[in-house]
């Protein structure tokens, strides 16, 4: 690690005027996800829209010029809804997008808001049939008396059109807010998780799902923890993991029982009693969990740290990385301004040697598991021009030794948070969502994984 | 009493956030409500613990003073007084944390003044002091130095008042309402 990263031209999500600081809330990016080849990158926003970017094929003339990502398609995935029974509004914000592995020319993705999961088909059309006998060019039925000969319709090339259509709508299965979806390695099923339950779906069946985890207590007054994230194992279609607000991870095996309330493995690190504070429970809540590509490790993120767990060791994490420990003394203010409830995501690189997660002030951090080196980078227009190399940043604790260009903890902008990041499945390309802007950074030294 | 002042502030903020979450678009977020409730309980427990610690420290001083000045039984006996309110308060001092957490069953809960231990201190000056301090009081009592503003906060330690929405409801029911 430690390679310089190249900034590609920053891609505006939706016509953000550079002169204004005003950000439309609907444009705030709420999820980012590469597809399995990395050719496509999807983002979802608070307004319920999905924007798909496609990587341009590498230029033949400039072998070192890596393909850039351009907008491929934009569509409205979810609309705001109103639940009349409970008298509450269902937000259209896209919570998660997950791609299905590609099996034919079309691409499929699942997108979800708080209550409904949808399967979208993304296909290209670059030809259209012309020369029908019974219809004219506009599709109107011809007057039969004008037809004197028969012709065979031919396919004529047209400008590329990307068509997106909803193929399935999986609704009415969640009482609470959906926080995760995960496609199974069997490519037939997927799961959706809300605060208290996890449901298993078949991709072709929308009118029923199986409940595989239910942690709702008989009496809601006894509620002590909720599900915060869930994911299927990348290779074993019977295994999945879910994280809780108490900081625990549970690995479940669907072969053991129909209802996986009883875990196969429980990953929990005993709390350090000396570090206990008013906010211990809040900061130990796991906001994201990701299996490594190998399936051997788990990566979790809580408010201040990122942890790597070995599936074979339940008693404590293998590695703990301090993301922004300088915030530990500021928890009370972060609690008052609500930042302590922010849910940061985390990501593995393709070879599982580097982990990445976001922080405040548009900073994001990468930790190399092998060299133990880490870096803090910033995603912003001011600090990175296109093609510029990102400069490592440093936050110094209040009163600490300060170098030039260091930022002090008190000048961090907590409204600029990087909650969503994604790493290309095989190359050193990362996508960073900074409020309503998407940044894509590429490693200029090499595009292969070390 | 920096810890208890901070605990009170945290509780006030948590209450404010819980209230405002009811009007939030998208409905009440269970995870967030749960975390806020946990913080409130944690702050409440620490607040009570801080109060008790202050009380025992004061009690020890008082006891020393009493031992010197009067031969009557120590304040410990009064702690065993059979009156229901006193019993409730006995629970609150030595068995503060578990007792308080499950104190929904206390009949006099609403009237149990969280500053009970402070009353004990005054009581121990002599049995001659009138009973009235132990009589269930409808109004929360003022402890020296506490402003009415802070008092309001302490009186909702165990209840979440819904204000215009109705009668006070227990803490846990706030979560159940989701």
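Residue numbers (my numbering), protein chains in the order written: chain V, 1 to 450; chain E, 1001 to 1178.
Positions of the beta carbon are idealized from the N, C-alpha and C atoms, including for glycine.
Owing to the predicted nature of the structure, the values given are computational and were not obtained by experimental measurement.
- Query: Quick one: is residue 177/V near chain E, going by C-beta distance under 8 Å?
  - Reply: yes
- Taking only beta carbons into account, state which residues of the stretch 377–398 of chain V come closer than 8 Å to chain E, listed in chain order. none
- Query: Straight-line CA distance for residue 539/V to residue 391/V?
  - Reply: Given that chain V is displayed from residue 1 to residue 450, the structure contains no residue 539/V and the question cannot be resolved.
- Item | Bridge partners - residue 306/V, DSSP secondary structure assignment | 301/V and 321/V
- Inter-residue Cα distance where the pair is residue 226/V and residue 73/V: 36 Å
- Query: Along chain V, which residues have their Cβ under 8 Å away from the Cβ of residue 1039/E?
  - Reply: 278, 279, 281, 282 and 335
- Message: Please classify residue 346/V as buried or exposed, where buried requires at least 16 neighbouring CB atoms within 10 angstroms.
- Response: buried
- Item | For residue 159/V and residue 55/V, the rounded distance between their alpha carbons | 18 Å
- Given a cut-off of 8 Å, decide if residue 1029/E and residue 1042/E are closer than it, judged by their beta-carbon atoms. no
- With 8 Å set as the bound, which would you pick, yes or no: does the beta-carbon of residue 89/V sit closer than that to a beta-carbon of chain E? yes
- Below 9 Å between beta carbons is the criterion; list the residues of the stretch 1004–1026 of chain E that meet it against any residue of chain A, in chain order. The chain inventory of the structure shown lacks chain A, comprising the protein chains V and E.
- Query: Does the stretch 337–351 of chain V come within contact of the stretch 292–304 of chain V, defined as at least 3 CB pairs closer than 8 Å?
  - Reply: yes
- Starting from the C-beta of residue 222/V, find all residues in its chain whose C-beta is less than 7 Å away, skip the five residues before and the five after it, and write them out in chain order. none
- Of the choices 84/V, 156/V, 138/V and 134/V, whose alpha-carbon is the least far from that of residue 146/V? 134/V
- Is it buried or exposed for residue 85/V, if we count other Cβ within 10 angstroms and need 16 for buried? exposed
- Nearest to residue 256/V by alpha carbon, out of 267/V, 246/V and 240/V? 240/V
- Item | chain E contacts made by the stretch 205–231 of chain V, where a contact means CB separation under 7 Å | 220, 221, 223, 226 and 228
- Report the neighbours of residue 1043/E on chain V: residues whose CB is nearer than 7 Å to its CB, in chain order. 278
- According to the neighbour-count rule (16 or more other Cβ atoms, all chains shown, within 10 Å of its Cβ), is residue 1032/E buried or exposed? buried
- Task: Using the Cα positions of residue 440/V and residue 419/V, report the straight-line distance between them to the nearest angstrom.
- Result: 15 Å
- Task: List the whole-angstrom C-beta distance separating residue 29/V from residue 96/V, where the pair is believed to meet the contact cut-off of C-beta under 8 Å.
- Result: The pair is not a contact, with the Cβ atoms about 12 Å apart (cut-off 8 Å).
- Message: Is the separation between the beta-carbon of residue 285/V and that of residue 245/V shorter than 8 Å?
- Response: yes
- Query: In this structure, does DSSP put residue 403/V in helix, strand or coil?
  - Reply: coil
- Message: Taking the straight line between their C-alpha atoms, what separation do you get for residue 263/V and residue 59/V?
- Response: 50 Å
- Query: What are the residues that DSSP puts in a beta bridge with residue 71/V?
  - Reply: 53/V
- Task: Output, in chain order, the set of chain E residues within a Cβ distance shorter than 8 Å of residue 341/V.
- Result: 1032 and 1035
- Task: Tell me residue 129/V's beta-bridge partners as DSSP assigns them.
- Result: 155/V
- Within 8 Å, strictly: CB atoms of residue 121/V and residue 192/V: no
- Query: Exposed or buried, what is residue 1017/E when buried is set at 16 or more other beta-carbons lying within 10 Å of its beta-carbon?
  - Reply: buried
- Query: What three-state label does DSSP hand residue 177/V in the structure shown?
  - Reply: coil
- With a CB to CB cut of under 8 Å and the five nearest residues on each side skipped, what residues in its chain are close to residue 1002/E? none
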